[in-house]
Amino acid sequence: MFNLNSVSGKARCGEMNTKHGKIKTPFFMPVATKGTMKWVSLEELIELNFECFISNSFLLSRKPGLNLLKKAKGYHKFINWNKSIFTDSGGFQLLDETFLHKITKKGVWLKDPFTMEKVLLTPQNSAEIQSIIGSDIAMVLDDVRHPHKSKQEHIEAVKNTINWAKEFKENQNEKMNSFAIVQGGLNLDLRKKCAEALTELNFDGYALGGLCIGESREEMFPVIKKSIDFLPKEKPRYLMGVGSPLDLLKAIELGVDCFDSAFPTKSARHGLIFSSEGNYNLTKAKNALDFNPLDKNCKCKVCRKHSRAYLHHLLKVKEETALHYLSYHNLYYVEELIKNTRTAINEGNYSKFVKEFEKR
RNA sequence: GCUGCGGUAGUGUAGGGGUUAGCAUUGAGGACUGUGGAUCCUCCAGCCCGAGUUCAAAUCUCGGCCGCGGCC
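Each residue of the first sequence is one higher than the one before, starting from 73 at the first, in the numbering used here.
What follows is the structure in structure tokens.
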């Protein structure tokens, strides 16, 4: 399902094939937890040239629920999306105290946020949920811990992650593609152990999980760099949760093929604008009288039409349209940026591309 | 004109002799990365004016100014 076309240093350019089409790598996918991005519609996602997004299968299983999804003949039809869809298991919710109830060897007890009912999510039922959803790429239920938790916790998390991956693989619909997630915190021995055990299980791709959640860049990047070497070259590598422009570029330089993150849209909602001249906060007072576009080099529909001053105003008076405009712009920016990384890799000068970017 | 109540950051308020004058919001900055749809952190900013009582006044007394209500 994955073909590598060219490399530049460790950066790779290729193609991922799913039931719903081809996706050029590296790529970034927005987070559409419950069936849409926040403030950006699926229609606009097509307009923005994204080939896929990621939803949260646990939340979808609670609402609209599996019965509805079955009756709708799958999630793709329900939301009328005929490109690829990744689904997360819901494992990431372990990090959120409002979701997590208890981690056990069998799986994880999560609180249904709609009803507060406690629900046991296991590798088996997660595989079934994602199969009913009709996910193109299902993510295996994993045990995520904060990077700064004790080694003992990470040992336990890796053990659970490996066991759950085995059970997921045994129970999943064979036609469904699935990616396993490497855990181990910042500990390279644990990362290696986890990666090797998961590689033996022969998943369609491998993700690096548990990163970019509070640890410093100085801690994160060495772990990515080393962990990449523990993964098979011929399979796609997915760094979960990374979405700031510079982080994306640096991770691609280390050999990562795909990403998802709420960062571009979440940032946009708080006024953080991605731009070719660096990120900045639109809520700053100096933007109130700036009649230039968000990014003078951006061709998105927002930058073509509206000024910083106007968008600053909308944000200040809490008009919801601002959230839409800014989210749209940031997604456009990220998609353009990643498109440019593919070009740079194909042309064999990716490191130079990153250096230029860092100079901004 | 008389009388009652009140006047504390830009706004809304707490404190009624000794407080680094508290809170909310606004304002200024920062954070946010497998999304609980405005959250978290830092900072700026104030006792209406004058006189008195007191070791000490935002606080008590008197006068002024302003606001709201009542009476003439």
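C-beta: ideal position from N, C-alpha, C; glycine also.
Residue i vs residue j beta-carbon contact at 8 Å
i, j, result
"P102", "F74", "no"
"V374", "Y397", "yes"
"G93", "K155", "yes"
"A229", "A252", "no"
"L283", "P219", "yes"
"G257", "K221", "yes"
"G343", "N351", "no"
"L213", "G179", "yes"
"S276", "S250", "Note on identity: in this sequence residue 276 is Asp, with Ser being the wrong assignment. Yes, these two residues count as a Cβ contact at 8 Å."
"N232", "K177", "yes"
"S347", "D362", "no"
"K359", "A381", "Here residue 359 turns out to be Asn, not Lys, going by the sequence shown. Against a cut-off of 8 Å, the Cβ pair of A381 and N359 comes out as a contact."
"V314", "S333", "yes"
"Y405", "E116", "no"
"N121", "E407", "yes"
"Y422", "E325", "yes"
"G269", "Q244", "The displayed chain sequence assigns Ala, not Gly, to residue 269. No; because the gap between Cβ atoms is not below 8 Å, this pair is not in contact."
"L182", "W153", "no"
"G281", "M248", "no"
"A83", "I417", "yes"
"L303", "Y278", "yes"
"K135", "F100", "no"
"I151", "D208", "no"
"L386", "I285", "no"
"I205", "L141", "yes"
"K96", "R414", "yes"
"E320", "L409", "What sits at residue 320 in the sequence shown is Leu, not Glu. Taking 8 Å as the Cβ cut-off, L320 and L409 qualify as a contacting pair."
"Q255", "V216", "yes"
Endpoints, the beta strand (DSSP E) within which residue i is located
i, result
"F251", "249 to 254"
"D332", "330 to 333"
"W181", "180 to 183"
"F99", "99 to 102"
"A279", "277 to 280"
Residue range of the unbroken alpha helix (DSSP H) whose run includes residue i
i, result
"E433", "Any answer about residue 433 is impossible in this case: the structure gives the chain only from 73 up to 432."
"P219", "Element bounds for P219: n/a, residue is neither H nor E."
"N520", "Because the chain spans 73 through 432 in this model, residue 520 falls outside it and cannot be assessed."
"I324", "317 to 325"
"L138", "138 to 143"
"H342", "Careful: H342 lies outside any alpha helix (DSSP H) and carries neither H nor E."
"K55", "Here the chain comprises residues numbered 73 to 432, so residue 55 is not present and cannot be evaluated."
"I118", "114 to 119"
"S129", "129 to 132"
"K388", "380 to 388"
Residue i - DSSP class collapsed to helix/strand/coil
i, result
"C124", "strand"
"T337", "helix"
"K424", "helix"
"S80", "strand"
"C375", "helix"
"C85", "strand"
"K96", "strand"
"R309", "strand"
"N259", "coil"
"T271", "helix"
"N75", "strand"
"T461", "What is shown of the chain runs 73 to 432, which leaves residue 461 out entirely."
Cβ-heavy atom distance, residue i to the ligand GTP, below 7 Å
i, result
"S127", "For the ligand GTP, the structure offers nothing, since it holds no ligand at all."
Could you say if the segment 322 to 334 and the segment 296 to 310 meet the contact criterion of at least three C-beta pairs nearer than 8 Å? yes
Can you give, in chain order, each stretch of the alpha helix (DSSP H) that sits fully within the segment 151 to 209 and has at least 4 residues? 195 to 205
Kindly confirm or deny that the segment 238 to 258 and the segment 193 to 210 touch, where touching means at least three C-beta pairs closer than 8 Å. yes
When the Cβ atoms of the segment 158 to 168 are set against those of the segment 117 to 133, are three or more pairs found closer than 8 Å? yes
Quick test of the definition: if touching needs 3 or more C-beta pairs under 8 Å, does the segment 256 to 273 touch the segment 139 to 147? no
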